[in-house]
Amino acid sequence: MDILHAISNSLPALADGMVITLQITAVSVVAGIAWGAALAVMRLSPVKPLAWFSQAYVMLVRSVPLVMVLLWFFLMVPQLIQGLFGLSPRTDVRLVSAMVAFSLFEAAYYSEIIRAGVQAVSRGQLAAASALGMSYLMAMRLIVLPQAMRAAVPALLTQGIVLFQDTSLVYVIGLADFFRTSKNVADRDGTTVAMILFAGAVYLAISLLASGAVKVLQRGKKSFELI
Amino acid sequence: MIEINNISKRYGSFQVLTDCTTSVAKGEVVVVCGPSGSGKSTLIKTINGLEPIDKGDIRVNGQSVGGRGTDQSKLRSKVGMVFQNFELFPHLSVLENLTIAQIRVLKRSSDEANACGLKYLKRVGLEAHAAKYPGQLSGGQQQRAAIARALCMDPICMLFDEPTSALDPEMVNEVLDVMVELASEGTTMMCVTHEMGFARKVADRVIFMDHGEILEDTSKEEFFGNTDARTDRAKQFLARILHH
Amino acid sequence: MGSTYKWNWGIFLDPVSTGEPATYLDWLLAGLQNTVVLALASSAIALVLGVAMGIMRCAPNRWLAAIGALYVALFRNVPVIVQLFAWYFVVPEILPVHMGTWIKELPSMTQMMALSTMCLGLYMAARVCEHIRAGLGTLPRGQRFAATALGLTLFQAYRYVLLPVALRVAIPPLTSELINVFKNSAVVSTIGLLDLSAQSQQLAEYTGQPYEAFLAATLVYIVINWIVMVIMHRVERKVRLPGYIGSK
């Protein structure tokens, strides 16, 4: 079939696009969780300015569309990078601005997940750790956060799958991720219908597989529940 | 050892503790009882600073709790506390529960900490369970482990906040037995509890609280023996609780 | 960077350089109008469809439950931009010829609005479905039995007994979805529909003042967010059941 030929001929390009998609996903998940955890700890901290900053950050980021965030960082990041490092190749700048945008954006969502995880840890745990002489930060680090993060893993992974799908929005800044590449191939070959359906099928398959993996992980995780 | 002077505390508009004064001498065992909501749990939590006070002063071994010169963390490490809900750390093994504070707070080496942990696990009869996780233990076993965890810090006194209230009846005695042994060894103890049998056996003094005030603070013999001289509310409480 | 950029907030009142009798602010407001219309229309579709799907997923009939589950699995696991392109490029081609042609012959604006509304509506419906399902799940099983024991049909049971409570329980997550649809609507800029985000890009291009353009659009989104939350908060308080778990 012509369409299958068209797709198989474009596989290298599509693979490159998928690599970009996965790169953005991977970097943003790691950076997003790290910054999100910091935001969560800040939000729960007794130091008022930190708590206020964290709350404002999350509220702000969550009220703005991802499209706008991507546009913003595509506007600002190139100038920042040029200021710091001198000129750099254009495509790298799109990728970097996308990674920065996603990391900072998703961190707000990750911080809410982690915060919920921390609040689900019984307050008695913090009291018991304090009673043994641990400082607030030590108690958070050794006792509360480990439990919170373990509880939050399924939600964090699910958010990661959402992130994976959201990367397709880099279309608006012209970055050649998997979807944009599919569209480019479609425009070149005139196979729009097939390519869009193909792209949709790929995202569907990967997302379903990943969700299934998360469910399996959840089932094997009951070891830390107290009687 | 423990001095509580005129302490008061409120939560918002609710007065939890009003002008409470008492003390615990070295080697003494003091039982605190009273109806729920009387503030007895809050009282005991003020001693190691888990609950801050609004007025008054608390001293442990001469050091002011919450005072500016006091190292809170160090003070807490020296005051052992056992909680109603055990509060073992579920992501650590039983032995790790006992050693984590020894290593991180007391800065002991892990060999020292493990040896001490195993020693106290043996004392409470749990050495076979050292590698297990809290989720695999019964309530009684968890509470005994929690007592061992507090003992590993070589505390100068032990505070118990309703240690048997969350246990099924058949497990209450295994925990009380450990506490009776501690008392007989001369440990300074303050226990919030409903277990009057335990109080009659090992307490030196009994404190009765109601609505945030200390209404009775007498010797065990006086409290249980001379019921006529007790305040009305104490009499009501005794009548209800001693019916079991 | 900052020192070389010249801020000019006056551009909003400048007439547009294409010659049409409008200011740049008018363009932005036109975009806002499209965004609001899209969001509200999609929400209406999503609410009706989502409630129906949510009930289907709870149905004792295995086929109905499976259809609901498939729907959710499909619409939640494909990115919204891919779904939009599918509606815009694929649907007119795979529909029966006369329907496809009819769509393609619609005025461009109407075509884009209609297809975008369908896309956003069905996408949102999948999420609404899950919230309704969760809301129905919080009801004790006996509620349905009590209703049918009184002689109510299953339809009546859902309409008069189960849904009223489930919907109240679902108000917080549904509020999130309402906020989400306003944000998701920004994706229509990719097919050329001039919503608020697209207009901000237009402004940036035509005036050379991207910071002012983006800031204005961002601010509007934040205000929309706030308005939705205030309205839904009022709605929640108004329909609250006294003494029910979750109400204060």
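Residue numbers (our numbering), protein chains in the order written: chain H, 15 to 241; chain A, 52 to 295; chain L, 56 to 303.
Where a beta carbon is used, it is the ideal one built from N, C-alpha and C, also for glycine.
Looking at C-alpha atoms only, which residue of the options is the closest neighbour of residue i?
i         : options                                       : result
Leu324(A) : Gly186(A), Glu272(A), Ser144(A) and Ser128(A) : This structure leaves residue 324(A) out entirely; chain A is present only between 52 and 295.
Ser24(H)  : Val230(H), Phe212(H), Ile210(H) and Val199(H) : Val199(H)
Val43(H)  : Leu118(H), Arg155(H), Trp66(H) and Pro79(H)   : Leu118(H)
Ser255(L) : Gly247(L), Thr245(L), Ile246(L) and Glu267(L) : Glu267(L)
Ala115(H) : Ile38(H), Val33(H), Leu231(H) and Met73(H)    : Ile38(H)
Val55(H)  : Leu211(H), Thr172(H), Gly131(H) and Ala40(H)  : Gly131(H)
Cys184(L) : Asn239(L), Arg289(L), Ile100(L) and Thr208(L) : Ile100(L)
Gly46(H)  : Tyr124(H), Arg137(H) and Val135(H)            : Tyr124(H)
Glu163(A) : Val175(A), Arg174(A) and Glu147(A)            : Glu147(A)
Thr97(A)  : Val130(A), Val226(A) and Val82(A)             : Val130(A)
Gly176(L) : Lys159(L), Arg188(L), Val106(L) and Arg223(L) : Val106(L)
Ile58(A)  : Ala254(A), Pro141(A) and Asp108(A)            : Asp108(A)
Ser77(H)  : Val91(L), Thr73(L) and Ile279(L)              : Ile279(L)
Arg188(L) : Ser231(L), Met284(L) and Ala124(L)            : Ala124(L)
Thr244(A) : Arg281(A), Ala217(A) and Glu213(A)            : Glu213(A)
Tyr185(H) : Val137(L), Pro115(L), Leu207(L) and Thr165(L) : Val137(L)
Thr72(A)  : Phe134(A), Glu267(A), Asp279(A) and Lys286(A) : Glu267(A)
Val220(L) : Leu209(L), Val236(L), Ile234(L) and Gln198(L) : Gln198(L)
Leu222(H) : Trp66(H), Ile175(H), Phe67(H) and Leu156(H)   : Ile175(H)
Ala153(H) : Gly118(A), Ser124(A) and Pro86(A)             : Ser124(A)
Gln61(A)  : Glu102(A), Ile55(A) and Glu79(A)              : Looking at the sequence itself, residue 61(A) is Arg, so the reference to Gln does not match. Taking only the C-alpha atoms, the option nearest Arg61(A) is Glu102(A).
Report the partner residues of residue i according to the DSSP bridge assignment.
i         : result
Tyr62(A)  : Phe65(A)
Phe259(A) : Cys84(A) and Glu267(A)
Pro70(L)  : Thr78(L)
Asn132(L) : None; Asn132(L) has no bridge partner.
Ser297(A) : Because chain A in this structure spans residues 52 to 295, residue 297(A) falls outside the shown range and cannot be described.
Lys62(H)  : For Lys62(H), which the question treats as bridged, DSSP gives no partner whatsoever.
Gln114(A) : Val111(A)
Lys106(A) : Ser59(A)
Phe288(A) : BP columns for Phe288(A) are empty, so no partner.
Asp212(A) : Val243(A)
Gly276(A) : Gly276(A) pairs with nothing; no bridge assigned.
Val130(A) : Cys208(A)
For a contact meaning CB atoms closer than 8 Å, what does residue i contact in chain H?
i         : result
Thr204(A) : One point to set straight first is that residue 204(A) is Met, not Thr, in the sequence displayed. Neighbours of Met204(A) on chain H, chain order: Leu146 and Gly147.
Arg155(A) : Met148, Met152 and Leu156
Ala180(L) : Those do not exist, as Ala180(L) stays about 17 Å from chain H at its closest Cβ, beyond 8 Å.
Ala272(L) : Met82
Thr230(L) : Within chain H, no residue comes near Thr230(L); the closest Cβ sits about 12 Å away, beyond 8 Å.
Show which residues of chain L have a CB atom less than 7 Å away from the CB atom of residue i.
i         : result
Gln179(H) : Pro134
Ala213(H) : Val137
Can you list the residues of chain H that residue i reaches, using a CB-CB cut of under 9 Å?
i         : result
Lys125(A) : Gly147
Tyr390(L) : Given that chain L is displayed from residue 56 to residue 303, the structure contains no residue 390(L) and the question cannot be resolved.
Gly256(L) : Looking at the sequence shown, residue 256(L) is not Gly but Gln. Result: Leu85 and Val186.
Report the neighbours of residue i on chain H: residues whose CB is nearer than 7 Å to its CB, in chain order.
i         : result
Ala152(A) : Leu146, Gly147 and Met148
Met132(A) : Ala145
Phe67(L)  : Near Phe67(L) there are no residues of chain H at all, since even the closest Cβ is about 17 Å away, more than 7 Å.
Asn99(A)  : Ala145
Ser128(A) : Leu146 and Gly147
Lys159(L) : Going along chain H, no residue has its Cβ under 7 Å from Lys159(L), so there is no contact; the nearest lies around 13 Å.
Pro265(L) : Leu89
So residue i contacts chain A; which residues on that side make the cut at Cβ distance below 7 Å?
i         : result
Gln139(H) : Glu138 and Phe140
Thr142(H) : As written in the sequence, residue 142(H) is Ala, which differs from the Thr given in the question. Per Cβ cutoff of 7 Å: Phe134 and Glu138.
For my contact list, residue i and residue j are in at a C-beta cut-off of 8 Å; report their separation, rounded to the angstrom.
i         : j         : result
Arg256(A) : Thr269(A) : 7 Å
Ile66(L)  : Gln257(L) : Their Cβ separation, rounded to whole angstroms, is 12 Å, which puts Ile66(L) and Gln257(L) out of contact at 8 Å.
Ser244(L) : Val81(H)  : 7 Å
Leu211(H) : Val145(L) : 6 Å
Ala181(A) : Leu169(A) : 6 Å
Ser89(A)  : Asp261(A) : 5 Å
Ile246(L) : Met167(L) : 6 Å
Met233(A) : Met209(A) : Note that residue 233(A) is Leu in the sequence shown here, rather than Met. About 7 Å; that satisfies the 8 Å criterion.
Arg289(L) : Glu232(L) : Not confirmed; about 18 Å, so no contact.
Phe249(A) : Leu227(A) : 5 Å
I want to verify the contact list: residues of chain A whose CB lies under 9 Å from the CB of residue i, in sequence order.
i         : result
Arg164(H) : His142
Run through chain L and tell me which residues come within less than 9 Å of residue i, C-beta to C-beta.
i         : result
Thr206(H) : Phe140, Phe144, Val145 and Glu148
Arg193(H) : Per the sequence shown, the amino acid found at residue 193(H) is Phe instead of Arg. Residues of chain L passing the Cβ test: Pro134, Ile136, Val137 and Phe140.
Gly174(H) : Simply none; closest approach about 13 Å.
Leu222(H) : Ala128 and Asn132
Leu183(H) : Pro134, Val135, Ile136, Ala241, Val242 and Thr245
Find the residues of chain L that neighbour residue i, judging by a C-beta separation of less than 8 Å, and give them in chain order.
i         : result
Ile210(H) : Val137, Phe140, Ala141, Phe144 and Val145
*In chain order, which alpha helix (DSSP H) runs of at least 4 residues are fully inside the stretch 137 to 198 of chain A?*
Entirely contained in the stretch 137 to 198 of chain A, the alpha helix (DSSP H) runs reaching 4 residues are, in chain order, 145 to 155 and 161 to 174.
_Extract the residue ranges of the alpha helix (DSSP H) inside the stretch 169 to 239 of chain H, only unbroken runs of 4 or more that lie entirely within it._
Runs found: 192 to 203 and 206 to 233.
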